[in-house]
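Structure, as structure tokens:
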Amino acid sequence: MKILVIGANGQLGTDLMCALPQAGHKVIGATRQTLDVRYADQVKRALNETRPQWVINTAAFHNVEQCEDEPAEAMLVNGSAVGVLARECSQRGVKLLHISTDFVFGGEKRTPYVETDKPNPLSAYAKSKLEGEKQVQAAGEQHLIVRTCGLFGHAGSKTRQGNFIEKMIKRAQAREELRVVGDKIGTPSSTLDVTRAIDDLIAQDASGIYHVTNEGECSWHEFAQEALRLSGSSVRVKNVASAEFKTKAVRPAYSVLSKEKMYALGVAKMPDWREALQKYMNSRPVQ
Ligand SMILES: NC(=O)c1ccc[n+]([C@@H]2O[C@H](COP(=O)([O-])OP(=O)(O)OC[C@H]3O[C@@H](n4cnc5c(N)ncnc54)[C@H](OP(=O)(O)O)[C@@H]3O)[C@@H](O)[C@H]2O)c1
Numbered sequence: 024m025k026i027l028v029i030g031a032n033g034q035l036g037t038d039l040m041c042a043l044p045q046a047g048h049k050v051i052g053a054t055r056q057t058l059d060v061r062y063a064d065q066v067k068r069a070l071n072e073t074r075p076q077w078v079i080n081t082a083a084f085h086n087v088e089q090c091e092d093e094p095a096e097a098m099l100v101n102g103s104a105v106g107v108l109a110r111e112c113s114q115r116g117v118k119l120l121h122i123s124t125d126f127v128f129g130g131e132k133r134t135p136y137v138e139t140d141k142p143n144p145l146s147a148y149a150k151s152k153l154e155g156e157k158q159v160q161a162a163g164e165q166h167l168i169v170r171t172c173g174l175f176g177h178a179g180s181k182t183r184q185g186n187f188i189e190k191m192i193k194r195a196q197a198r199e200e201l202r203v204v205g206d207k208i209g210t211p212s213s214t215l216d217v218t219r220a221i222d223d224l225i226a227q228d229a230s231g232i233y234h235v236t237n238e239g240e241c242s243w244h245e246f247a248q249e250a251l252r253l254s255g256s257s258v259r260v261k262n263v264a265s266a267e268f269k270t271k272a273v274r275p276a277y278s279v280l281s282k283e284k285m286y287a288l289g290v291a292k293m294p295d296w297r298e299a300l301q302k303y304m305n306s307r308p309v310q
């Protein structure tokens, strides 16, 4: 397949750019410098020049706190610009795989969310990402929406200045105790495993919404504890309630996603998040 990856130097984009060619695809990468999704002319030009069969859109304004201050910009990048991209793809018969988020859910459940569960976005970021999903769906049948959760990859998250693991390791070097939220439950997910599942979904010519994360679930506190243990740090990690941290954005208390729909299609089982974290730590460049 000929695939255009938008957000090619982001955390997920970097692994897609590396793994998809190894899987036999011809891959073209677009960064914000070459394709800013906010500008329709740049979207049209990129599609006309590259003529892909698939577009994977990883680009997003996803600094969740900053989105609360800039809701219009969040709606533009994550909502209306995605609509333009989806319509331009649809007009050309190009399939769009758009990356979305567990945050579209409100966290009311205590069992994994399935794709047909009703969204209830709690923050400006989540509302804008749900708007992006709606615009993709409205543009036609040729789409695939992949909702994922808690991404970690060696490229780090560009818009959050490093992923959660690296932030914890850095903080642990400077402090005797870390305080991490223990009442928000999700599934940390390796960008490498998500990339492999994306390749499987493309191979199946899947369409509609699919949930793609690692297996298992944990709080941010458990995730930090495990990452620090694997890094060899003995710093204490205190379990604190999210109410103790003042944040502008409200986040779901529970956002674990069910992968049953993806498995029913024949996509290989995802590793548990602990296994994925161990793999990440084993291949972590020496700091
Ligand atoms: N990270 C998570 O925990 C998480 C969880 C669930 C879902 N997601 C979703 O997964 C996707 C990928 O996340 P990630 O962690 O890989 O993010 P990331 O590392 O921040 O990458 C996002 C990329 O989007 C690019 N971008 C931002 N605004 C753009 C614009 N206007 N036009 C073109 N490119 C633009 C950024 O380019 P610059 O570097 O030039 O700014 C960056 O390369 C996003 O859709 C996000 O909403 C992420």
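The numbering used here numbers the first residue of the sequence shown as 24 and each following residue consecutively.
Using N, Cα and C, we set each Cβ at its ideal position, and we do this for glycine too.
Remember, predicted model here, so these are calculated numbers, not experimental data.
Alpha carbon to alpha carbon, how far is residue j from residue i? Give it in angstroms, no decimals.
{"i": "residue 121", "j": "residue 217", "result": "13 Å"}
{"i": "residue 27", "j": "residue 90", "result": "26 Å"}
{"i": "residue 314", "j": "residue 265", "result": "With the chain running from 24 to 310 in the structure shown, residue 314 is simply not present."}
{"i": "residue 37", "j": "residue 221", "result": "14 Å"}
{"i": "residue 110", "j": "residue 179", "result": "30 Å"}
{"i": "residue 285", "j": "residue 194", "result": "37 Å"}
{"i": "residue 305", "j": "residue 256", "result": "15 Å"}
{"i": "residue 49", "j": "residue 267", "result": "48 Å"}
{"i": "residue 158", "j": "residue 80", "result": "13 Å"}
{"i": "residue 131", "j": "residue 71", "result": "43 Å"}
{"i": "residue 55", "j": "residue 66", "result": "11 Å"}
{"i": "residue 104", "j": "residue 199", "result": "44 Å"}
{"i": "residue 77", "j": "residue 68", "result": "15 Å"}
{"i": "residue 57", "j": "residue 73", "result": "12 Å"}
Between the beta-carbon of residue i and the beta-carbon of residue j, is there less than 8 Å?
{"i": "residue 174", "j": "residue 214", "result": "yes"}
{"i": "residue 162", "j": "residue 113", "result": "yes"}
{"i": "residue 99", "j": "residue 165", "result": "no"}
{"i": "residue 102", "j": "residue 146", "result": "no"}
{"i": "residue 172", "j": "residue 278", "result": "yes"}
{"i": "residue 254", "j": "residue 204", "result": "no"}
{"i": "residue 85", "j": "residue 148", "result": "yes"}
{"i": "residue 232", "j": "residue 188", "result": "no"}
{"i": "residue 191", "j": "residue 236", "result": "no"}
So the beta strand (DSSP E) residue i belongs to, where does it begin and stop?
{"i": "residue 80", "result": "77-80"}
{"i": "residue 166", "result": "166-171"}
Does the beta-carbon of residue i have 16 or more other beta-carbons within 10 angstroms, so that it is buried, or is it exposed?
{"i": "residue 75", "result": "buried"}
{"i": "residue 62", "result": "exposed"}
{"i": "residue 259", "result": "exposed"}
{"i": "residue 47", "result": "exposed"}
{"i": "residue 95", "result": "exposed"}
{"i": "residue 252", "result": "exposed"}
{"i": "residue 248", "result": "buried"}
{"i": "residue 143", "result": "exposed"}
{"i": "residue 125", "result": "buried"}
How far does the alpha helix (DSSP H) with residue i in it reach, from first residue to last?
{"i": "residue 108", "result": "104-115"}
{"i": "residue 194", "result": "187-197"}
{"i": "residue 121", "result": "Counting along the chain, residue 121 falls outside any alpha helix (DSSP H), though it belongs to the beta strand (DSSP E) covering 118-124."}
{"i": "residue 244", "result": "243-254"}
{"i": "residue 127", "result": "Unbroken run through residue 127: none, as it is neither H nor E."}
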